[in-house]
Amino acid sequence: MASLHPTAPHDLPPFITPPGETDMMFVAVSVFFVVMVLVVGNLYLRLHALPERMAHRSNRAQFHVVAVLALIALLTHQTGFWIAALLLALVPIPDISTPVARIADALERLVRIAGAKEGALAAAARSPETPPPAIAMGDGTGARATAG
Numbered sequence: 001m002a003s004l005h006p007t008a009p010h011d012l013p014p015f016i017t018p019p020g021e022t023d024m025m026f027v028a029v030s031v032f033f034v035v036m037v038l039v040v041g042n043l044y045l046r047l048h049a050l051p052e053r054m055a056h057r058s059n060r061a062q063f064h065v066v067a068v069l070a071l072i073a074l075l076t077h078q079t080g081f082w083i084a085a086l087l088l089a090l091v092p093i094p095d096i097s098t099p100v101a102r103i104a105d106a107l108e109r110l111v112r113i114a115g116a117k118e119g120a121l122a123a124a125a126r127s128p129e130t131p132p133p134a135i136a137m138g139d140g141t142g143a144r145a146t147a148g
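For the sequence shown, full-length UniProt numbering assigns the number 1 to the initial residue and increments by one for each residue that follows.
Below is the structure:
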């Protein structure tokens, strides 16, 4: 090692390196900094993807809306979009199309049944040999309606 300046202290700290040698503290801090940037960036992106992962098991439209809100929040750094995406991912949107489709199918079946009954009644009204329907009287006995 080269001779020290006469006014320099004789016990130098270990982070001071002699000229021409590798600064190990600089290398260690640089590696630590790069690793920490990667770790913090990974955590940041995982946190931003949290609403998308939560909405993944919900219906498809809700997942797409949550994904768009999370992407807007990531690109604009507006936390309101991320909070909206998180709340939308937490609240399940009810499935409206399935009950409406079942109601439509039931109405279609009712129309078919009613159409078949109307067809049978029209055919019965056209045939003259069918007796007239019974009319209920007040005492509970049924009497036939007279034509005429």
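Even for Gly, the Cβ is constructed at its ideal location relative to N, Cα and C.
Given residue i as reference, the closest of the options once Cα atoms are compared
| i | options | result |
| --- | --- | --- |
| residue 94 | 61, 70, 9, 115 | 61 |
| residue 73 | 82, 40, 90 | 82 |
| residue 75 | 98, 59, 39, 44 | 44 |
| residue 51 | 65, 99, 38, 41 | 65 |
| residue 98 | 11, 119, 59, 118 | 59 |
| residue 49 | 10, 39, 67, 40 | 67 |
Element boundaries [alpha helix (DSSP H), containing residue i]
| i | result |
| --- | --- |
| residue 64 | 60 to 76 |
| residue 35 | 24 to 48 |
| residue 83 | 79 to 90 |
Supposed close pair residue i, residue j - CB separation, criterion 8 angstroms
| i | j | result |
| --- | --- | --- |
| residue 149 | residue 110 | With the chain covering only 1 through 148, there is no way to say anything about residue 149. |
| residue 54 | residue 90 | 7 angstroms |
| residue 25 | residue 15 | 5 angstroms |
Residue-chain proximity (residue i, chain D), Cβ-Cβ < 9 angstroms
| i | result |
| --- | --- |
| residue 57 | The structure shown contains no chain D; it holds only a single protein chain. |
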